[in-house]
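First residue of the sequence shown: 794, per this note's numbering; consecutive thereafter. Ideal placement from N, C-alpha and C gives every residue a C-beta, glycine not left out.
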Amino acid sequence: MEFRGKSRKGKTRIREHGSVWSCVVQTSSVAFSPLTGLWMLLKSEKDGATKWFRANGDEDFERLW
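Laid out in structure tokens, this is it:
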């Protein structure tokens, strides 16, 4: 999947770790947020860094495909 940064934090993360990520895990909730819905743990194809992405309404990232 390819992502674009929406916020300053997201743009910096994409610049550091690349825009192409693969999904490692999908879940409906995470311990660090009260928000529910589809959450995906993503792994950078560039360097193996990981990040959580909220599929519906992520504040920092936008999925392109």
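Considering Cα atoms alone, identify which of 856, 800, 826, 813 is closest to residue 842. Position 49 of the sequence shown, counted from the start, is the residue given in the question as residue 842. When only C-alpha atoms are compared, the closest one is 813.
According to DSSP, simplified to helix, strand and coil, what is residue 829? Along the sequence shown, read from residue 1 onward, the residue named residue 829 stands at position 36. The answer is coil: DSSP assigns residue 829 none of H, G, I, E or B.
Distance between residue 833 and residue 820 (C-alpha atoms, nearest Å): On the sequence shown, position 27 is the one that residue 820 refers to. On the sequence shown, position 40 is the one that residue 833 refers to. One C-alpha to the other measures close to 6 Å.
Inspect the CB distances between the segment 795 to 812 and the segment 835 to 854 and report whether three or more fall short of 8 Å. yes
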